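Visitor: Before we start, here is the structure in question, set down as structure tokens.
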Amino acid sequence: MSEISIEYMAGFFDGEGNVQISNAKHYPNSKQDKIRITNTNKLILDFITETFGGKIYKKKDVSTDGYKRKPTWVWAMHGRYGVKLSKQLYEICIEKKEKLGIFIERNKKNAERI
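Heads up, the sequence shown is in the working numbering, so the first residue is 1097 and it goes up one at a time.
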């Protein structure tokens, strides 16, 4: 596998990714906050994992209409590595810039350990 550049990752994340911010009051700075990418192409998520880290898991099929769909995969990252990558993405992303800023701000304690 080859490495993915931060610029490619930022473009892919801006289009396909999301920033999950937890509203749990008892865990304001926890593993509940994540950066994620959901996609049916596991190969690209494998490249991302190899280059930047994180975990991939298969999303449970919740379709109730009886149609067969492609398997969906989710790449996710949290904690200090999530903050480190978010700081790099923040400099390049356009669409997700505001949410990345919130993620970084909420997880300052993790950022201080970098």
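Every residue gets a Cβ at the ideal spot worked out from N, C-alpha and C, and that includes glycine.
Keep in mind it's a predicted model, so treat the numbers as computed, not measured.
As an exercise, report each continuous beta strand (DSSP E) stretch of at least 3 residues that is fully enclosed by the segment 1159 to 1188, in chain order.
Guide: Those beta strand (DSSP E) runs which fall completely within the segment 1159 to 1188 and span 3+ residues are 1169 to 1173.
Visitor: Name the one or two DSSP bridge partners that T1134 has.
Guide: Paired residues: V1170.
Visitor: Count the other C-beta atoms from every protein chain shown that fall within 10 angstroms of the C-beta of L1139, then say buried if there are 16 or more, exposed otherwise.
Guide: Result: exposed.
Visitor: What first and last residue would you give for the alpha helix (DSSP H) that runs through G1150?
Guide: No alpha helix (DSSP H) holds G1150; DSSP gives it neither H nor E.
Visitor: Just to confirm, are T1147 and M1105 a CB contact at a threshold of 9 Å?
Guide: Taking 9 Å as the Cβ cut-off, T1147 and M1105 qualify as a contacting pair.
Visitor: Is F1143 close to chain D, meaning its C-beta is less than 9 Å from at least one C-beta of that chain?
Guide: This model lacks chain D altogether; it includes just one protein chain.
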